[in-house]
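Have a look at the structure below before the remarks.
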Amino acid sequence: DAKTTQPPSMDCAEGRAANLPCNHSTISGNEYVYWYRQIHSQGPQYIIHGLKNNETNEMASLIITEDRKSSTLILPHATLRDTAVYYCIVRSLNSGGYQKVTFGIGTKLQVIP
Amino acid sequence: DAGVIQSPRHEVTEMGQEVTLRCKPISGHDYLFWYRQTMMRGLELLIYFNNNVPIDDSGMPEDRFSAKMPNASFSTLKIQPSEPRDSAVYFCASSLQRRSSYNEQFFGPGTRLTVL
């Protein structure tokens with residue numbers, strides 16, 4: 114599995130864009146980058162995923178560098194409810210064909226009023 | 083849809099006792115996962131099932147842990163005997179395999195286990 118590196122914590126002012134970086138320098142060509150978040154005392158929640166191109170949905174945008182060695186999750190207008198731990202994950206494909214997901218420690222994002 | 087359902091939400095037990103955690107996946111999903119989360123180790127995958135069959139249990143810490151999925155709508159994670167170091171939040175998740183390469187996992191609310 115490709116390993117990911119994220120800063121352990123970040124702060125962001127409410128209403129501002131939150132930019133969460135992730136390094137995955139050993140990513141393989143067929144591996145996707147995807148993001149989950151975990152709000153306190155809840156189970157993780159899927160946010161977004163991508164392979165090569167930038168992606169956007171109602172929750173966030175994902176920017177992947179051209180060499181695919183790093184990516185950034187962007188929350189365009191952070192709110193207090195976005196305070197959570199954000200996990201950057203690289204999908205691995207095991208012999209059974211299923212994309213086994215390995216969660217790291219993630220980035221704890223604190224949105225400040 | 084009610085989402086993934088786990089019970090109990092909280093469990094306090096004494097060392098040496100048997101603990102059974104339960105999970106009902108989202109109807110129609112064909113994958114089920116058990117995770118454990120602690121401050122020290124983060125979120126760890128313990129085992130996962132596909133169509134009720136265990137596929138990978140390499141994350142199960144030791145023989146005290148066992149998991150079953152007797153049918154598509156129910157799974158259990160059992161710890162016998164329990165130890166204080168088993169104290170953690172245990173999450174169950176389910177997903178539906180799609181033709182595309184990605185399948186989102188839906189997590190339950192978790193069971194907070196405390197072993198005294």
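Chains as they are written, first to last, in the working numbering: chain W, 114 to 226; chain F, 83 to 198. Yeah, the Cβ is synthetic: ideal placement off N, Cα and C, and Gly gets one too. Since this is a predicted model, take the numbers as computed values, not measurements.
{"query": "Tell me which residues share the same chain as Met151 (chain F) and place their Cβ nearer than 7 angstroms to its Cβ, disregarding the 5 neighbours each side in the sequence.", "result": "Leu114, Phe131, Asn134, Ser157"}
{"query": "Quick one: which chain W residues come within Cβ less than 7 angstroms of Glu186 (chain F)?", "result": "Tyr159"}
{"query": "Which partner residues of Gly85 (chain F) appear in the DSSP bridge assignment?", "result": "According to DSSP, which records beta bridges pairwise, Gly85 (chain F) is partnered with nothing at all."}
{"query": "Does the beta-carbon of Ser177 (chain F) have 16 or more other beta-carbons within 10 angstroms, so that it is buried, or is it exposed?", "result": "buried"}
{"query": "Determine the direct distance from the alpha carbon of Asp138 (chain F) to that of Thr196 (chain F), and round the result to whole angstroms.", "result": "26 angstroms"}
{"query": "Is Ala170 (chain F) near Gln88 (chain F), with beta carbons less than 9 angstroms apart?", "result": "no"}
{"query": "Note down, in chain order, each residue of its chain lying with its Cβ closer than 8 angstroms to the Cβ of Tyr149 (chain W), except the 5 sequence neighbours on either side.", "result": "Pro157, Gln158, Tyr159, Ile160, Tyr199, Tyr200, Ile202, Phe216"}
{"query": "Just how far apart, CA to CA, sit Thr196 (chain W) and Arg91 (chain F)?", "result": "23 angstroms"}
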